[in-house]
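J.: Questions regarding the structure given below will be posed in turn.
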Ligand code: PMP
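Residue numbers (the working numbering): 116 to 490.
The structure is reproduced here in structure tokens:
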């Protein structure tokens, strides 16, 4: 058996999730937008239950959960949607970081070509932004939107989201965060983070199915929704934010995965921390001075390790490891290119070319990690 340590790329659907989904692929095939007959009503009810479970996990209201095909779509929808809807009122300046996922970076580049101004914030050696930079920008050149990744997908570093959200709330600036990697690994509640006006995530990072995710679009104190221009126009599903017949089986799977994630959150976070320590010890013992860890030890997503195998080509290393351990060089979405995240953190091309990412799941066992001792 190959040990799967690429859980930041995707995770295996849990058996309970698969079982919950199966009826909605066959017998229960109704369209939740139809009315009166039981297939439609069943679909409607189960979508509602799933929406409630996702809202519960994130700590927002169910009405704020908009189902999309995943975080790529959510990032595109929110950034383009805010830019289009508010630029006349709030100007054309967008702020993001150099270490975002391509779904944010490429969307920002697209908007730059359309005439928007984008500031790409520098990061420190661990990939975190400096809150002072945000303060300065808000004071001197207040942006239309700030979009900052919560936890980095390559090195796991957490950005100071509470501080950014507070600053944005105080200054009435739209703030979006890509929370894809922190779901199920960081305990948070959007109820305490009113300044986070938009959030993106995907189901398949928490043992749910692929092709389903959420754009959280907050409502104000009077329960009035925040308007944005939709990415997809059509039948007005999802309150008009995202048209298209709902993928009920995927939504059910996401709902089940969200419920399981929420129920087990403290245990899973603790377990990921223990597994990370175990793996760190095993790697240190086995490889000693031949490896360097690029990630920080604190304020990070537990279970993501970025390891530089000094002087070893990472593609070759991954290939040689493949019969025993499945890992990646970083983001599966930009494979082939040297990591822009490590580059922004100040690493040389040689260091980047010898780095791999190992990412754990709460389903990984300490026993399985012993495979490294046999290499
Ligand atoms: N943002 C981050 C931080 C991610 O890690 C990913 C998945 N690699 C995405 C966005 C995109 O998610 P999806 O492929 O599910 O659309």
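Here a beta-carbon is modelled for each residue, glycine too, at the ideal position from N, C-alpha and C.
Just so you know, these numbers come straight off a predicted model, no measurement behind them.
Using 8 Å as the Cβ pair cut-off and three pairs as the minimum, do the region 259 to 279 and the region 215 to 232 touch?
T.: yes
J.: Do you know offhand how far residue 276's Cα is from residue 133's?
T.: Counting from 1 along the chain shown, the entry for residue 276 is found at position 161. Counting from 1 along the chain shown, the entry for residue 133 is found at position 18. Their Cα atoms are separated by approximately 33 Å.
J.: Could you round the C-beta distance between residue 407 and residue 117 to whole angstroms and report it? I think they count as a contact, below 8 Å.
T.: Taking the chain shown and counting its residues from 1, the one referred to as residue 407 is at position 292. Taking the chain shown and counting its residues from 1, the one referred to as residue 117 is at position 2. 25 Å between Cβ atoms; not a contact.
J.: Go through the region 400 to 480 residue by residue and report every complete run of the alpha helix (DSSP H) that reaches 4 residues or more, in order.
T.: 429 to 436, 455 to 459 and 464 to 468
J.: Could you tell me whether the region 465 to 475 touches the region 120 to 131, using the rule of 3 or more Cβ pairs below 8 Å?
T.: yes
J.: Only counting runs of 3 or more residues, tell me where the beta strand (DSSP E) segments fall wholly within the region 320 to 359, in order along the chain.
T.: If one requires a minimum length of 3 residues, the beta strand (DSSP E) runs lying completely within the region 320 to 359 are 328 to 332, in chain order.
J.: Leaving out five residues before and five after residue 348 in sequence, what residues of the same chain have Cβ atoms less than 7 Å from its Cβ?
T.: The residue you call residue 348 lines up with position 233 of the chain shown. Taken in chain order, the residues that qualify are 358.
J.: Round the Cβ separation of residue 176 and residue 334 to the nearest angstrom and send it over; I've been treating them as touching at under 8 Å.
T.: Numbered from its first residue, the chain shown carries residue 176 at position 61. Numbered from its first residue, the chain shown carries residue 334 at position 219. Their Cβ separation, rounded to whole angstroms, is 7 Å, which keeps residue 176 and residue 334 in contact under 8 Å.
J.: So what does residue 492 bridge to, in DSSP terms?
T.: Within the shown structure, residues of the chain are numbered from 116 to 490, placing residue 492 beyond reach of any answer.
J.: Checking 8 Å against the spacing of the C-beta atoms, do residue 338 and residue 174 come in under that value?
T.: The residue you call residue 338 lines up with position 223 of the chain shown. The residue you call residue 174 lines up with position 59 of the chain shown. Not in contact: residue 338 and residue 174 (Cβ atoms no closer than 8 Å).
J.: Tell me whether residue 319 counts as near the ligand PMP, meaning its Cβ is closer than 7 Å to at least one heavy atom of that ligand.
T.: If you number the chain shown from 1, residue 319 lands on position 204. It does: the Cβ of residue 319 is within 7 Å (strictly closer) of some heavy atom of the ligand PMP.
J.: Mind checking whether residue 128 and residue 324 have CB atoms under 8 Å apart?
T.: Taking the chain shown and counting its residues from 1, the one referred to as residue 128 is at position 13. Taking the chain shown and counting its residues from 1, the one referred to as residue 324 is at position 209. In this structure, residue 128 sits near residue 324, with a CB-CB distance shorter than 8 Å.
J.: Could you tell me whether the Cβ atoms of residue 291 and residue 193 are closer together than 8 Å?
T.: Counting from one through the chain shown, the residue named residue 291 turns up at place 176. Counting from one through the chain shown, the residue named residue 193 turns up at place 78. Yes, they are a contact pair.
J.: Give the C-beta separation of residue 488 and residue 401 to the nearest angstrom, bearing in mind that I take them to be a contact with Cβ-Cβ under 8 Å.
T.: Sequence index remark: in the chain shown, residue 488 carries index 373 (1-based). Sequence index remark: in the chain shown, residue 401 carries index 286 (1-based). So it is a contact: roughly 7 Å between Cβ atoms.
J.: Using a Cβ-based criterion (distance less than 7 Å to any ligand heavy atom), does residue 240 qualify as near the ligand PMP?
T.: For this step, residue 240 is matched to residue 125 along the chain shown. Not so, every heavy atom of the ligand PMP lies at least 7 Å from the Cβ.
J.: Can you check whether the CB of residue 397 is closer than 8 Å to the CB of residue 410?
T.: Start at 1 with the first residue of the chain shown, and residue 410 comes out as number 295. Start at 1 with the first residue of the chain shown, and residue 397 comes out as number 282. It is not a contact, given that the beta carbons lie outside the stated cut-off.
J.: Over the uninterrupted beta strand (DSSP E) stretch that includes residue 293, give me the two end residues.
T.: Indexing the chain shown from 1 puts residue 293 at position 178. Residues 289 to 293.
J.: Just curious, the alpha helix (DSSP H) that residue 184 is in, first and last residue?
T.: In the chain shown, counting from the first residue as 1, residue 184 sits at position 69. Counting along the chain, no alpha helix (DSSP H) covers residue 184, and no H or E run does either.
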